[in-house]
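Remarks on the structure that follows.
In our numbering, the protein residues as written are 10 to 129.
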């Protein structure tokens, strides 16, 4: 059996220049960490879904069975929907801020709205 250097694999860099999305390096690091954790959670969610489907089908649950599992079309569609909703939840604040920039007239804070209602 060959020894695998897990640290080297985890720290492997993609070829080419790394894309940066933010001017502040601290924000960039937090963003990268958040996406890495979100990715790991998505993988864990898929594996849990696989375990649930194996159990429902009365099949034995093992690492081999989980790794070999291939979702049918319906399961794949459900997973795809979950991923889309998950990504939307993660990036909700970004979407909201972009919408606010596109439509400043809709960018009313809840305090301003409450003040306006109270004044009426």
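Beta carbons: idealized from backbone N, C-alpha and C, even for Gly.
Check	Outcome
Enclosing alpha helix (DSSP H) for residue 113 [first to last residue]	It is not in any alpha helix (DSSP H) - residue 113 carries neither H nor E in the DSSP assignment.
Cutoff 8 Å; reference residue 104; Cβ partners in own chain excluding five residues on either side	97
Endpoints, the alpha helix (DSSP H) within which residue 68 is located	It is not in any alpha helix (DSSP H) - residue 68 carries neither H nor E in the DSSP assignment.
Environment of residue 73 [buried if 16+ CB atoms lie within 10 Å]	exposed
Contact belief for residue 92 with residue 51 at Cβ below 8 Å, rounded distance in angstroms	6 Å
Cβ contact (3+ pairs, closer than 8 Å) linking the segment 73 to 88 and the segment 51 to 61	yes
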